[in-house]
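The structure under discussion appears below in the form of structure tokens.
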Amino acid sequence: MLHIILLNCALELIPSEISALKQIHKYASKRNKKPGELLLDQTYHGREMTRLENAEQRGRPDIVFHSLMTLLETPLCKSGFLTIHLHLQDDRIIKVNPEVRLPRNYDRFTGLIEQLLLVGRVPPEGEPLLEVTRTDLTRLVSELKHERPVVQSMLAIEGGKKTPMNSLLNLLPSDSTIPVIVGVGAFPHGDFGEELKQIFDTHIELDREVMMAWHVCAEILWVYSKKIEIIRRRYSSV
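For the sequence shown, the positions run 2 to 239 when the working numbering is used.
So this is what it looks like as structure tokens:
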């Protein structure tokens with residue numbers, strides 16, 4: 002089982018520190034919403050965001066959008082061998098139902114995430130497809146590790162152990178019952194904190210240059226799918 006956690010997601014509603022600014026209100030008026038009901042986005046709020054702490058790591062919902070588009074509705078996901086969690090910068094965790102079909106349109110996606118962050122779940126009633134949970138990253142990884150006595154947890158990070166694709170293939174188990182936990186950064190700039198780094202047992206670097214989060218997700222997804230022979234399994238089950 003592959004567990005992918007998108008870490009420090011640059012995903013939040015417009016914070017109170019800048020919600021009263023003129024340009025923020027102008028943008029909110031166009032959307033017919035209050036500032037605190039809208040996603041912070043560098044595309045629209047870049048100048049105003051310079052007033053925020055750690056601004057370089059915030060306001061990029063598109064990173065999560067592209068990463069989820071890469072991961073969801075894949076053979077691995079459809080076969081029940083993939084879970085996805087979003088780790089927010091305030092340490093909250095969003096659980097993603099593997100069966101969710103997200104909007105392909107980015108504007109509709111942001112509207113969905115705005116509802117999620119306001120209400121805590123989507124849809125508001127019934128089986129949740131996206132849900133803000135009451136756990137944090139440390140507890141989440143600990144819970145995933147307790148699924149089996151043998152588990153692998155790794156963090157994709159610049160400066161980690163050089164791990165080209167063939168090395169990653171050798172590193173991953175062919176036994177799909179062994180949990181594999183992979184953390185992938187979902188923020189535009191900066192580094193992970195030391196406390197977060199220590200949560201993961203192994204640090205890996207997949208290329209000598211910085212990779213986009215969705216490219217990292219794609220490589221891990223492909224290599225793991227190959228390792229457990231997911232396509233062969235799907236054909237043999239017909």
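Heads up, the beta-carbon is just placed ideally off N, CA and C, and yes, glycines get one too.
Because the structure is a prediction, the values reported are computed rather than measured.
According to DSSP, simplified to helix, strand and coil, what is residue i?
| i | result |
| --- | --- |
| Glu196 | helix |
| Arg105 | coil |
| Gln153 | strand |
| Glu132 | strand |
| His26 | helix |
| Ile231 | helix |
| Gly160 | strand |
| Leu41 | coil |
| Leu118 | helix |
| Leu14 | strand |
Whole angstroms is fine: what's the gap from residue i's alpha carbon to residue j's?
| i | j | result |
| --- | --- | --- |
| His147 | Val101 | 26 Å |
| Val152 | Trp223 | 20 Å |
| Ala21 | Asn106 | 29 Å |
| Leu156 | Thr203 | 6 Å |
| Leu113 | Phe66 | 11 Å |
| Ser80 | Ala219 | 17 Å |
| Val120 | His26 | 22 Å |
| Lys198 | Lys31 | 40 Å |
Tell me, please, whether the CB atom of residue i is closer than 9 Å to any CB atom in chain D?
| i | result |
| --- | --- |
| Ile114 | In the structure shown, chain D cannot be found, because there is only a single protein chain. |
Going by DSSP, which residues form a beta bridge with residue i?
| i | result |
| --- | --- |
| Val123 | Leu131 |
| Ile5 | Ile85, Val183 |
Return the chain-ordered list of same chain residues with a C-beta closer than 7 Å to the C-beta of residue i, the five sequence neighbours on each side being excluded.
| i | result |
| --- | --- |
| Gly60 | Ala11, Leu41, Asp42, Gln43, His46, Met50 |
| Val142 | Ser154, Ile182, Ile200 |
| His88 | Ile6, Leu7, Leu8, Asn9, Cys10, Ile94, Leu138 |
| Lys35 | Ala29 |
Leaving aside the five residues before and after residue i along the sequence, list all residues of the same chain whose C-beta is less than 6 Å from its C-beta, in chain order.
| i | result |
| --- | --- |
| Glu132 | Lys96, Arg122 |
| Lys163 | Glu206 |
Cutting at 8 Å between CB atoms, please list the residues of its own chain near residue i, excluding the five before and the five after it.
| i | result |
| --- | --- |
| Leu53 | Pro16, Glu18, Ile19, Arg59 |
- Query: Hey, which unbroken runs of the beta strand (DSSP E) at 3 residues or more fall wholly within the region 162 to 227?
  - Reply: 181 to 186, 203 to 206
- Message: Extract the residue ranges of the alpha helix (DSSP H) inside the region 64 to 115, only unbroken runs of 4 or more that lie entirely within it.
- Response: 76 to 79
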